[in-house]
Every structure is written in C-alpha cells, then in structure tokens.
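Everything below concerns the one structure shown next.
Residue numbers (the working numbering), protein chains in the order written: chain C, 1 to 152; chain L, 1001 to 1152; chain V, 2001 to 2083; chain W, 3001 to 3083.
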C-alpha cells in the first residue's frame, strides 16, 4: 500500500492495520525519515517537500510491486508526506512485513534507497540566509546501485 | 536503552520518547518480532518465552554498547518480552536512530541477529500435540557470523 | 503538449506548467529542451545545464532521445531528493 | 555454588535451581557437568548430550574449560532462541 499525503502519520496505527489478523507475519521492519535541524552545517528553520502528483503515486506503486516480487513479503507500506515540515517532523514511513526478518529488513532498506533516487520529490531547505533546493547525493546513487546487480 | 518485561509495548510511544527533541536524528530503523501461528507446519496455540533474569539485561546492555560503538548512532532501544504470548502478539522491539539511514538500518539488523543468538531466551511452543522447546536455527548462527568479520 | 516544471526549474522558468505547440521537427525530449530554452531568459537559464535536468514523459522517466508528441505530458525537474 | 537450569534442562533435572557443594577437584565447567550428571537420572538425561548444552558463569557465557568456584552462579541451558 502506498500513500502520498500532507498529514502526519502514526506508526503504531499503521503497523496495526498492516498486521492485524495476519498471523503468518513474524517480522516487521520499518523506517521513518525525519527532518533534521542541521544540513551541511546550517541550521534549518523548515523544509518544504514538493512532488509531482500522479507520477509520485505511479513510482511508489511500481516500487511496491518490485519489493513484493524480489522478496517473500506479506505486505509493504510506504507513506510519504509533502508540504512544509519543521525539524523533527516525520517525512516518510516505509514498512515491510514477512515471515522472517531478513526479507523484511532487506526490502525496507531497498525501498528507502529507491525512494531517495526515483520518487519525484524535491526538498527546499529554509535557513536564516534563505531557501535552497537540496542537491541529490552521490551516496544515494551508490546506495541504490547495490540492488541493481543483485542476482536474486 | 533496554527493557525486559512481561507487558506489551506500543511502538509509537517508544519512538516518540526516543526521538523527542533530538533534531539531529534523520532516520529511525525499527524491527518488531511477532508470534507466528505456524511453526514447522504446525499450528501454534501459544508460545512461552522463558529467560534468565539478570543475564538477559546484562547481555542486552552489552549489545547496546556494541551497536553504539560500531555505528554512528544517536540512540538504541531494545524491548524484549517474556511469558506466554498468543499468535500475533509482539515479542521484541529493536530500534536504532541516527543522522543517516544506513547506520540505523545496519545497527537494527545487527542487534536482531545478535539477540537471536546471544540473549538468554528460550521459546516453548504449544500445539495441539503438546509443547516443545524451539531448537536454535543454523540460519541464525550464519546471520550473526556476517557481523564478526566486519572490520569497521 | 503540456509541460510541467518542478523545484528550481519552476523557479527559473517562473511557471509550474504551460501548454506549448512546438513545430513538427521537435520529436524528442532533447529537441524539446532546446526549443523550450528559446522561449524566455528564464527558460534559457533552466535549460542551461542539461546534465542537471531530468525528464518524465507521461509520468515515466525519459532520456533525451525519447519521443514526445502533442498529446504527451512532459515534466522537467532536477534529480530527486525525497525520502 | 548456585546452579540454575533453563528450558529443557530445567524440565529434565526437575529443578530451576539448586545449591551444590562439589569436591575440590571439580574446577571447570566441564568437570562440573560430569559431576552434576551423577546426581539423578534426570541430571544424567540433561547432560547426556553436551553438544546441546550451553553454560554461563556469573551471567557471562563460559566454555567447558572455564573455571568455576564455590561462590559462582553457574547456569546451564540449551542454545538460545529469543528475538
């Protein structure tokens, strides 16, 4: 399941909905991304996430399918917010549930790496000296590349 | 932080307590282990987790220190339950918070692998044909072995 | 043809979207970028460094040699930074 | 010396803990296991397959050649299965 929303989310409620009555699930791996107050040594007052409505949902749905194909999972959940967020606020929730922990962990890490490089979101950071679009990081490209040659 | 308890836990409250006011944290990786209703093809009615009070806390505290030493983390949380649990109930919560996602993911997976092979817990599974102690799995020994040669 | 701009391409063109009607010889993403760059100083700035511009045609990532037609939705944006 | 048993070692010995006073030549974990095995048929069963038994001395994992003394807390249990 995927959702793109302005509203905050609550991990407890999300995980309950994902696993209720599904007693074959033994492991739930989750990741939450938060707005950090510092970026490249500058203190941020806020961050605005812009996205491409329509394409975002399409890319996240493709990512969900890819994860469910690659690993023996029960379910996958991605919730990604957009709009203006303050330091400490939640940006993204990524969850994979499975019988066994390894598949859940790997799928969750995989989805985050792909999100960072494929989902059409852009971050505008606001600091005392003005606002600036965040540049893509080489380390994120490297992180996602490790899944490409995965011959599973 | 580590806790060994009979009571259930609520991931939302745990993560809030772990990250509140800590605005350097950009990533929170979590894992929840649940009681599965099937084990080795048998349907379970319940599972009882026995542990070694004192030694458990000691081992979990050592594990926390090890994770904080190996990765650039902000905090670590392990909550492990004991007692009789029904299918679908939560057994363990493992969390690592960090500036960046990779450290959080790796530390969380590492802690789960170590928990499975070092924390003094034993599972007694109850099925229609009686109760049986769960045997340790070779795959868990292999999973933890991959961290041993990690020369970070 | 509907063209969308995101992040700093939106700031530089001053547009979040526009309807354009390029000539028939504009048949690929690359040719469209060259043609759009002529429309205003802001467009020229947005398309000055093509290495930094990504494209999607009908909401799927597209390379400069991908075909574009008059019924397509074409979006230009910097490398993504979500998650 | 305080000896603790967990999981099926507890079931087989019928004890969760006992205070024992082994002779002076019982100086290691391995010697203690051999000595304990003599205490009852249940103990003999519990220590029949030493490959399947793990030990902790004062709550730290200990190998068969580890030293044990009269003030130690020694625990025997199967390989762990938590998490």
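Glycine residues also receive a C-beta, built at the ideal position from the N, C-alpha and C atoms.
{"query": "Does the pairing of the region 1124 to 1140 of chain L with the region 1034 to 1043 of chain L give three or more beta-carbon distances under 8 Å?", "result": "yes"}
{"query": "Output the boundary residues of the alpha helix (DSSP H) element that contains residue 1017(L).", "result": "1011 to 1019"}
{"query": "Could you work out which residues of chain L lie near residue 111(C), taking near to mean beta carbons separated by less than 9 Å?", "result": "None at all; the shortest Cβ gap to chain L is about 11 Å."}
{"query": "With DSSP collapsed to three states, give me the class of residue 1074(L).", "result": "strand"}
{"query": "Touching or not, the region 1056 to 1075 of chain L and the region 1109 to 1117 of chain L, by the rule of three or more beta carbon pairs under 8 Å?", "result": "yes"}
{"query": "Which residue spans inside the region 1048 to 1115 of chain L form an unbroken alpha helix (DSSP H) run of at least 4?", "result": "1055 to 1070"}
{"query": "Which residues does DSSP list as the beta-bridge partners of residue 2002(V)?", "result": "2019(V), 2073(V)"}
{"query": "Is residue 2041(V) buried or exposed, if buried means 16 or more other CB atoms sit within 10 Å of its CB?", "result": "exposed"}
{"query": "Could you say which of 3004(W), 3081(W), 3023(W) lies nearest to residue 3017(W) if we only look at CA atoms?", "result": "3004(W)"}
{"query": "Would you kindly work out how many angstroms separate the C-alpha atoms of residue 1152(L) and residue 1101(L), rounded to a whole number?", "result": "The predicted position of residue 1152(L) is uncertain, since its pLDDT is 41 and thus under 50; no value can be drawn from it."}
{"query": "In the DSSP output, which residue or residues are listed as bridge partners for residue 2028(V)?", "result": "2067(V)"}
{"query": "Does residue 152(C) have its Cβ less than 8 Å from a Cβ in chain L?", "result": "The pLDDT assigned to residue 152(C) is 42, lower than 50, so where the model puts this residue is not dependable; a value taken from the coordinates is nonetheless given after this. It does not: the Cβ of residue 152(C) has no partner Cβ on chain L nearer than 8 Å."}
{"query": "How far does the beta strand (DSSP E) with residue 130(C) in it extend, from its first residue to its last?", "result": "130 to 133"}
{"query": "So residue 3050(W) is in the beta strand (DSSP E); what residue range does that whole segment cover?", "result": "Per DSSP, residue 3050(W) belongs to no beta strand (DSSP E) and is neither H nor E."}
{"query": "Say whether the region 1136 to 1148 of chain L touches the region 1089 to 1105 of chain L, bearing in mind that this needs 3 or more beta-carbon pairs closer than 8 Å, one atom from each stretch.", "result": "no"}
{"query": "Using the DSSP secondary-structure output, state which residues sit across from residue 1030(L) in a beta bridge.", "result": "30(C), 1095(L)"}
{"query": "Would you kindly report the start and end of the unbroken alpha helix (DSSP H) that includes residue 1145(L)?", "result": "1138 to 1148"}
{"query": "Enumerate in chain order the residues of its own chain whose CB-to-CB distance from residue 3070(W) is below 6 Å, with the five nearest sequence positions on each side excluded.", "result": "3001"}
{"query": "Between the region 1082 to 1098 of chain L and chain C, which residues of the former have CB atoms less than 8 Å from a CB of the latter, in chain order?", "result": "1087, 1088"}
{"query": "Residue 1106(L): buried (16+ other C-beta within 10 angstroms of its C-beta) or exposed?", "result": "buried"}
{"query": "Between residue 1022(L) and chain W, is any beta-carbon pair separated by less than 8 Å?", "result": "no"}
{"query": "How about residue 1121(L): is its C-beta nearer than 8 Å to some C-beta of chain W?", "result": "yes"}
{"query": "Using a Cβ-Cβ cut-off of 7 Å (strictly less than) and excluding sequence neighbours within five positions of residue 87(C), which residues of its own chain qualify?", "result": "35, 36, 37, 44"}
{"query": "I think residue 12(C) touches residue 1010(L), with their Cβ atoms under 8 Å apart; what is that distance to the nearest whole Å?", "result": "6 Å"}
{"query": "Would you please verify whether the beta carbon of residue 143(C) is less than 8 Å from any beta carbon of chain L?", "result": "yes"}
{"query": "Would you mind reading off the limits of the beta strand (DSSP E) that contains residue 5(C)?", "result": "2 to 5"}
{"query": "What are the residues that DSSP puts in a beta bridge with residue 153(C)?", "result": "With chain C covering only 1 through 152, there is no way to say anything about residue 153(C)."}
{"query": "Just how far apart, CA to CA, sit residue 95(C) and residue 1063(L)?", "result": "24 Å"}
{"query": "What is the residue span of the alpha helix (DSSP H) that residue 2007(V) lies within?", "result": "2007 to 2013"}
{"query": "Is residue 1151(L) helix, strand or coil when you go by DSSP?", "result": "Residue confidence for residue 1151(L) is low, a pLDDT of 43 falling below 50, so the modelled location carries little weight and cannot support an answer."}
{"query": "Go ahead and label residue 3021(W) buried or exposed: buried means 16 or more other beta carbons lie within 10 angstroms of its beta carbon, across all protein chains shown.", "result": "exposed"}
{"query": "If you reduce the DSSP assignment to three classes, tell me which class residue 3044(W) lands in.", "result": "helix"}
{"query": "Determine the direct distance from the alpha carbon of residue 142(C) to that of residue 2076(V), and round the result to whole angstroms.", "result": "23 Å"}
{"query": "Rank 3058(W), 3032(W), 3015(W) by C-alpha distance to the C-alpha of residue 3050(W) and give the top, closest one.", "result": "3032(W)"}
{"query": "Once DSSP output is grouped into helix, strand and coil, what is the label at residue 2082(V)?", "result": "coil"}
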